[in-house]
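In this note's numbering, the protein residues as written are 2 to 280.
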């Protein structure tokens, strides 16, 4: 049985892929991608399309063990690349992925990159966020404006923050400052128009819980704890949803896009460690 969140994320994959294709199909494949140093636009598109096909295989075969991700990483530059054809290839792969996600439904069991996640629902969310962020990279590369709905951006932010309790994000490292400690708390606030919806209340259209818009992370215990509400903190970040998303992913931002109060050093340390899963 499907869920509104699963259906929405599948639709987001389709939408973000179509927008990415629109951005790149008439561009030069060798256009540098500033947000992905060393990559050209053709490589970026093959990375996204490869990720779609990799996950499609996982879902289609109901894989319970790791599937080689050669398609994701085989992105060596190519001198002659037809971006219109590559865009069609991208679109086709996303279509196959979404078809398999719907066929499996969120209740199936499949391998994922995280040991405590075993559902296609994880992959629907992961691929929606992946495609959204790389669309931002493509927009920057070609000099186009990047916009996203608040719902899509907040969902991708919520996914990022949900990884904060994985050991890689906080476990002690040699010669590295501690992430956990007394007084170490962070708050992220996307200043929503409807506070009740932002804190997980009903969405305005009655379609189920809204995507959170405020979060706090408590680093004072043995394990980070994520709360989907704002709280007084050692450091607070206020931004529009899209700006917060790009900040967490380390993407360029316009001057003044973020409002940061408090311990910036803690914020930098936490963000760098929380990015473990992008390595």
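Where is the CB? At the ideal position from N, CA and C, for every residue including glycine.
Host alpha helix (DSSP H) of residue 174 (start-end):
No alpha helix (DSSP H) contains residue 174, which DSSP labels as neither H nor E.
How big is the Cα-Cα spacing for residue 93 and residue 235?
Distance between the alpha carbons of residue 93 and residue 235 is about 46 Å.
Tell me whether residue 66 is buried or exposed, calling it buried when 16 or more other Cβ atoms sit within 10 Å of its Cβ.
Residue 66 sits exposed, since fewer than 16 C-beta atoms from the chains shown fall within 10 Å of its C-beta.
According to DSSP, simplified to helix, strand and coil, what is residue 15?
Reduced to three states, the DSSP call for residue 15 is helix.
In DSSP terms, what residue 103 is bridged to:
Residue pairing by DSSP leaves residue 103 without any beta bridge partner.
Where residue 217 falls: helix, strand or coil (DSSP):
Residue state for residue 217 is assigned as strand, using DSSP reduced to three classes.
Whole alpha helix (DSSP H) runs in the region 142-188 with 4 or more residues, listed along the chain?
Segments of the alpha helix (DSSP H) lying fully in the region 142-188: 151-163.
At the level of alpha carbons, what is the spacing between residue 243 and residue 98?
Rounded to the nearest whole angstrom, the C-alpha separation of residue 243 and residue 98 is 25 Å.
Would residue 111 and residue 120 be called neighbours here (beta carbons separated by less than 9 Å)?
Yes, they are a contact pair.
Whole-Å CB distance - residue 161 paired with residue 60, under 8 Å assumed
The Cβ separation is near 22 Å, so there is no contact.
Through-space distance from residue 126 to residue 157, alpha-carbon basis:
Each residue's alpha carbon lies about 8 Å from the other.
Which residue from 176, 131, 81 and 47 puts its Cα closest to that of residue 154?
With distances taken between Cα atoms, residue 154 lies closest to 131.
Do you know offhand how far residue 22's Cα is from residue 139's?
Within the model, the alpha-carbon separation for residue 22 versus residue 139 is close to 10 Å.
Can you list, in chain order, the residues of its chain whose CB lies under 6 Å from that of residue 40, leaving out five sequence neighbours each side?
34, listed in sequence order.
Would you mind sorting residue 245 into buried or exposed? The rule is 16 or more other CB atoms within 10 Å of its CB.
It counts as buried.
Residue 267 versus residue 55: straight-line alpha-carbon distance, rounded
Their Cα atoms are separated by approximately 36 Å.
Among residues of its own chain, excluding the 5 on either side of residue 263, which ones have a beta-carbon nearer than 7 Å to its beta-carbon?
Hits under 7 Å: 234, 235, 236 and 237.
Measure the C-alpha to C-alpha separation of residue 231 and residue 192 and round it to an integer number of angstroms.
Using only the alpha carbons, I get a separation of about 10 Å.
Terminal residues of the continuous alpha helix (DSSP H) containing residue 258?
For residue 258, there is no enclosing alpha helix (DSSP H), as DSSP gives it neither H nor E.
In this structure, how does DSSP classify residue 273 when only helix, strand and coil are distinguished?
In the three-state scheme derived from DSSP, where H, G and I count as helix and E and B as strand, residue 273 is classed as helix.
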